[in-house]
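In our numbering, the protein residues as written are 115 to 251.
To start, the structure under review is shown below, and the notes come after it.
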């Protein structure tokens with residue numbers, strides 16, 4: 115083998131080693147998202163990482179469902195209706211993840227109660243006084 119071939123092989127191996135060292139597992143990414151969400155308060159940054167997990171680690175159903183639940187919680191904190199979409203996806207697509215389905219259903223129920231309460235406040239009527247003393251000060 116000549117010197118150029120050896121250098122080429124050595125560089126290739128070094129690059130492969132560096133690539134695998136920087137490759138992140140889904141669980142590593144999940145921990146990063148939790149730090150962004152809880153320690154840094156960067157909800158949008160956390161959502162981006164959770165979305166990446168959902169897109170790239172579909173074979174890990176538990177991790178994907180857990181990421182969707184966390185994503186829903188981030189959206190809730192932001193006041194976004196996207197929270198419902200994330201929770202509904204867990205209920206619809208991850209029936210085998212019972213604990214996470216129960217959490218998602220619980221959050222959906224809470225969101226629905228909050229929406230009804232908000233609607234009730236908007237529909238509150240006020241009694242208007244009429245008669246001889248109405249408007250008298």
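For each residue, glycine too, the CB sits at the ideal point set by N, CA and C.
Model, not experiment: these values are computed from the prediction.
Outcome for residue 216 when other beta-carbon atoms lying within 10 angstroms are tallied against a minimum of 16: exposed
Own chain, CB closer than 7 Å to residue 160, minus 5 neighbours either side, in chain order: 147, 150, 151, 188
8 Å CB neighbourhood of residue 254 in its chain, flanking five on each side removed: The shown model of the chain, from 115 to 251, leaves out residue 254, and the question about it has no answer.
Cβ neighbour criterion (16 or more within 10 Å) applied to residue 180: buried
Outcome for residue 221 when other beta-carbon atoms lying within 10 angstroms are tallied against a minimum of 16: buried
Status (buried if at least 16 other CB within 10 Å, exposed otherwise) for residue 218: buried
Backbone secondary structure at residue 169 - three-state DSSP: helix
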